[in-house]
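Take a look at the structure below.
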Amino acid sequence: MMRLELVKRPQRSALFSMLSPFIAFALTIIAGAIMFALLGVNPLTAFRIYFIEPISQVWQLHELAIKAAPLILIAVGLSVCYKANIWNIGAEGQFIFGAIFGSAIPVLFPEFEGPLVLPLMLLLGMVGGAAYAAIPAFLKTRFNTNEILTSLMLVYVAQLFLDWLVRGPWRDPQGHGFPQTIQFGDAATLPQLMPDAGRANWGFVFALVAAVLIWILMGRMLKGFEVRVLGSSPRAGRFAGFGLNRMVFFAFLLSGALAGLAGISEVSGAIGQLQPVISPGYGFTAIIVAFLGRLNPLGIVAAGLVLALTYLGGEAVQSALGISDKVARVFQGMLLFFVLGCDTLIHYRIRLIGLALTKRQAPAKLEAAPKLKEAR
Amino acid sequence: MDITVNILLTIATAATPLLIAAIGELVVERSGVLNLGVEGMMVMGAVGGFGAGYLTGSPWIGLLAAVVVGALFSLLFAVMTLSLATNQVATGLSLTLLGLGLSGMMGTRFVGQPGVRLPNLDIPGLSSIPVVGKLLFGQDPVFYISIALTAAVMWFLFKTRTGLTLRSIGDSHTSAHALGIKVIRYRYLAVIFGGACAGLAGGHLSLVYTPQWVENMSAGRGWIALALVVFASWRPWRVLAGAYIFGAVWIGQLHAQAFGIPVPSQMLSSLPYLATVVVLVLISRNKRLTMMNTPASLGQPFVPDR
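So the sequence lines, in the order shown, correspond to chains A and B. Going by the numbering used here, the first residue of the first sequence is number 8, and it counts up by one from there. Going by the numbering used here, the first residue of the second sequence is number 1211, and it counts up by one from there.
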């Protein structure tokens, strides 16, 4: 029988800290090749269609930026939460509420035009996302309620609420009964960056700015230090006078606001109206982005682009090979698995113990106590 | 009378998957492991069960396949968290994400296909006794499995030595390890049991509750099962009670929609999720009581020092 044994490293390995995302990516590719082979597709062909063709032209790079923007925006917020050991997994709901709050202006006041509309919408979007994120934060700090479960449950509620809005009070009366709001006017539409080259809009710029700001916050400011201390040792944080409850609110409001900004940017930039479904699971995929980026804002930018490519690739293999676009979800899930597994290498050395192969070289000290060893 | 009986029957059908998944997760958490992948294992069980039933024509093979798929899928989580000591929260989440994706991909060819349904129990004579006959002797087989499973887990955890050992591991893996208990082995078995239960719960969805395959058909039930374990303060009989309360909420909102109550259907649909939040708040309000009931090493990775 084979057995894995973990041996703690004296200190974290800088080498594997850098290599682990790449090892994880390589393993995902191998597993993906096996999966394509099982589906009866030549893996090389599939990979060309999945990873290379979707980004071989300029307009396609714009599509990549459109998909990457919400992922990066949400993930940098989540990275602060996860660093603080606070588990907001309801970003999908905060994304939706950001979109709803921000859309209130073009839907309820379509006559209101001018340069103020867009900034107001973005601000409202952030407020909406933060407000929705405040619910699990409040319940956790006030009633000690598990934030994982409450934030997740609120995702379902948000999806149903949006569904009700676009089928009910906010439905476009001239929309032939389709469940959608009116098309946003020009004043309420997030401008494209380079309209001649492709569709990418300012959302991507917001994402990059957010990543840099959070990077400065986490690396250069006291608040970031507070996040890291409370995350790795709440006790030490208490002694230092950092409040855990305040941190819960800070992390939730920040990540909620960023998810809300992602939501309103997506609706105002890429979609142009509210629909029953406005996200292909960005809020959940962003969790993968955060971990693949090693909870580092700059790593998250790279990870966001990679995960955006898995979405585009999924669509590409669906149209070219007739494979379900769910293949994107599978790739994303596998990637997260391998990332988490490879992270073990940073803190531990892995020894493979085969009973026939190795004779354990026990240190002399342990030999002195043979009874103890047998007991195990 | 007949209506009451029918409503009770549908409540039992809605509660059964919640009960089975929650009982499995209860054992896992009692061993000190937090597996947030219930939703993913459940949906994998549902697609595996439907697929096997559809291809072989036998719902029983389908049910068996659901259990096996759930258990195998949980093994992935076990290897990661137990052998590689990864973060349990993140790994559980990724199990759910992977399960939702994988089931969607595997299930593409099953969408819209007619499924097979496990027949209800029918004992001549007994099942036709008015009122109680149907409730006691005329339900689907998984219902009886769920009740037996609850009783068995209750007995195992609190009346057997192995159960005591399992609970001790959940409360302090270092002490258990020092006593020579094979912590990792116990936890492997617990996680796999939890996976098998979640798979069975998924099989119930696609072979009894609605015999067809719909993407994401678990619809958050795995998460509700996780909440139920907290709600029940890690006691099996309270899981049973909680599952039936949630079953009643689930059925209640469906009936309210059917009766055309002048409230948006989306609001009614969100009731089970809101109820979960409310119940969690009520139960965790008392911090000391929660601390007392929670297995003390829940969610903490364990690497034996050798």
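Virtual Cβ for every residue (Gly too), placed ideally from N, Cα, C. Note that the structure is a prediction, hence the values are computed from the model and not measured.
query: For A/Phe249, which residues in the same chain have their Cβ closer than 8 Å to its Cβ, ignoring the five residues on either side in sequence?; result: Glu233, Val236, Leu237
query: Just the chain A side, please: which residues come within less than 7 Å of B/Tyr1483 by C-beta, in chain order?; result: Met160, Tyr163, Val164
query: Can you name the residues of chain B whose CB is closer than 8 Å to the CB of A/Met341?; result: Leu1308
query: Might you give, ordered along the chain, the residues of its own chain that have their beta carbon closer than 7 Å to the beta carbon of A/Pro17, omitting 5 neighbours on each side?; result: none
query: At which residues does the alpha helix (DSSP H) containing B/Glu1239 begin and terminate?; result: 1212 to 1240
query: Can you tell which of B/Ser1338, B/Ser1313, B/Gly1267, B/Val1439 has the C-alpha that lies nearest to the C-alpha of B/Leu1244?; result: B/Val1439
query: Give the secondary structure of A/Arg358 by DSSP, where H, G and I count as helix, E and B as strand, and everything else as coil.; result: strand
query: Within 10 Å of its beta-carbon, does B/Asn1426 have 16 or more other beta-carbons around it, so buried, or fewer, so exposed?; result: exposed
query: Taking 8 Å as the cut-off, decide whether the C-beta atoms of A/Gly109 and A/Ser286 are in contact.; result: no
query: Under 6 Å Cβ to Cβ from B/Ile1230, same chain only, skipping five residues before and after it: list those, please.; result: Ser1356, Cys1407, Leu1410, Ala1411
query: At what residues does the alpha helix (DSSP H) containing A/Met254 begin and finish?; result: 251 to 272
query: Going along the region 1488 to 1504 of chain B in order, which residues come within less than 7 Å of chain A, judged by CB to CB distance?; result: Leu1490, Val1491, Ser1494, Arg1495, Lys1497, Thr1500
query: Unbroken alpha helix (DSSP H) runs of length 4 or more, entirely within the region 118 to 205 of chain A: which are they?; result: 124 to 150, 154 to 174
query: Would you mind reading off the limits of the alpha helix (DSSP H) that contains A/Arg242?; result: 241 to 246
query: Among all the DSSP beta bridges, which residues are the ones paired with A/Val14?; result: A/Arg356
query: Starting from B/Ala1295, find everything on chain A with Cβ-Cβ shorter than 9 Å and list it in chain order.; result: Leu13, Thr351, His354, Tyr355
query: Does the beta carbon of B/Trp1444 sit closer than 8 Å to a beta carbon anywhere in chain A?; result: no
query: Determine, for A/Trp209, whether the minimum Cβ-Cβ distance to residues of chain B falls below 8 Å.; result: no
query: Run through DSSP, which three-state label would B/Asn1503 get?; result: helix
query: Any heavy atom of the ligand MG within a distance shorter than 7 Å of the CB on B/Leu1305?; result: The ligand MG is absent from the structure shown, which contains no ligands of any kind.
query: Any beta carbon from chain A within less than 8 Å of B/Val1473's own beta carbon?; result: no
query: May I have a chain-ordered list of the alpha helix (DSSP H) segments no shorter than 4 residues that lie completely inside the region 1382 to 1440 of chain B?; result: 1383 to 1388, 1393 to 1414
query: Taking only beta-carbon atoms, is A/Asn303 less than 8 Å away from chain B?; result: no
query: Check the DSSP bridge columns for A/Asn208 and list the partner residues they point to.; result: A/Gln199
query: So A/Ile331 contacts chain B; which residues on that side make the cut at Cβ distance below 8 Å?; result: Residue identity check: residue 331 of chain A is Ser in the sequence provided, not Ile. Gly1314, Met1315, Thr1318, listed in chain order.
query: May I have the straight-line CA-CA distance separating A/Phe168 from A/Leu352, to the nearest angstrom?; result: 43 Å
query: Excluding sequence positions up to five away, which residues of its chain have a Cβ less than 7 Å from the Cβ of B/Ala1224?; result: Gly1457, Trp1460, Ile1461
query: Mapping the DSSP letters down to three states, classify A/Phe54 as helix, strand or coil.; result: helix
query: Can you find the residues in the same chain that come closer than 7 Å, C-beta to C-beta, to B/Thr1226, ignoring five residues on each side of it along the sequence?; result: Val1352, Phe1353, Ser1356, His1414
query: Whole angstroms are fine: how far does the CA of A/Pro113 sit from the CA of A/Ala194?; result: 9 Å
query: Checking contacts by CB at 8 Å: is B/Ser1378 closer than that to chain A?; result: no
query: Tell me which residues share the same chain as A/Ala309 and place their Cβ nearer than 8 Å to its Cβ, disregarding the 5 neighbours each side in the sequence.; result: Gly300
query: Taking the alpha helix (DSSP H) that B/Phe1347 belongs to, which residues open and close that run?; result: 1342 to 1347
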